[in-house]
Amino acid sequence: MYSFLNKYGQAMAFGIGVLITVIFLAAIFSADATTRELLLQNDKSPEAYDTSIFDFGIYVSLLLTGLAFVVALIFGITQMASNPKGSLKGIAGLIGLVLIMFIGYSMGNGEPTDPEILNAINKFETSQEATITPGNLKFISGSILTALIMLGLAFLTLIVFGIRGIFK
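Structure representation (structure tokens):
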């Protein structure tokens, strides 16, 4: 299987991508004239959102994303099982990332303090008919904090290895 995918995998992936793109474009261009005209006018009326010509692309994107996740998970578990000693660095990195995410979530505040953020939340809740709970806000602020910590660590690593490379 490995030799087959190594030899033909890239061509197969490209061919499948082209086939999916052609089918998706055919679905879009085969829509009736009134739907195409409505979409071309960039109309924001509810009728413009009541079309199903993009459904194939959305469903295939979701399917391929799920398939990629499952395959990555299977290959990751297989690699860890076949080389447990070599996967210790990856496991330690994953534990570090989860720890940073937990710290970010723990430091997150569940209550909006800025009036602009409160205004944006009210607009979102009104327009989407949804509610943002304090847990959602804590998760969002924790995720932003985690991203900032990871960005800072990446920048620090870049500087440290750059200086280290000068003295080598």
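With the numbering used here applied, the sequence shown corresponds to residues 1 to 168, in that order.
Glycine included, each C-beta is placed from N, C-alpha and C at the ideal position.
By the 10 Å Cβ neighbour count, where 16 or more other Cβ atoms means buried, how is residue i classified, buried or exposed?
{"i": "G96", "result": "exposed"}
{"i": "G66", "result": "exposed"}
{"i": "G165", "result": "exposed"}
{"i": "T146", "result": "buried"}
Spatial neighbours of residue i within its chain, please: C-beta separation below 6 Å, excluding the five flanking residues on both sides.
{"i": "I28", "result": "I53"}
{"i": "A11", "result": "none"}
{"i": "F24", "result": "F56, G57"}
{"i": "A13", "result": "none"}
{"i": "Y105", "result": "G142"}
{"i": "L118", "result": "P112"}
{"i": "V18", "result": "none"}
{"i": "I100", "result": "T146, I149"}
Counting only the same chain and skipping the five closest in sequence on each side, list residues whose C-beta sits under 8 Å from that of residue i.
{"i": "Q128", "result": "none"}
{"i": "G152", "result": "none"}
{"i": "I91", "result": "M80"}
{"i": "E125", "result": "T131, I132"}
{"i": "E116", "result": "none"}
{"i": "L158", "result": "none"}
{"i": "I140", "result": "G108"}
Sorted by chain position, which residues of the same chain lie with C-beta nearer than 7 Å to residue i's C-beta, five sequence neighbours on each side aside?
{"i": "S3", "result": "none"}
{"i": "D32", "result": "none"}
{"i": "I121", "result": "P112, I132"}
Practice prompt. Give a yes or no on contact between the stretch 131 to 149 and the stretch 109 to 117, applying the rule of three or more CB pairs nearer than 8 Å.
Written response: yes
Discussion item. In chain order, what are the residue ranges of uninterrupted alpha helix (DSSP H) at least 4 long that sit wholly in the stretch 14 to 75?
Written reply: 33 to 40
Discussion item. Ignoring anything shorter than 3 residues, give me the beta strand (DSSP E) runs that lie fully in the stretch 66 to 135, in order along the chain.
Written reply: none
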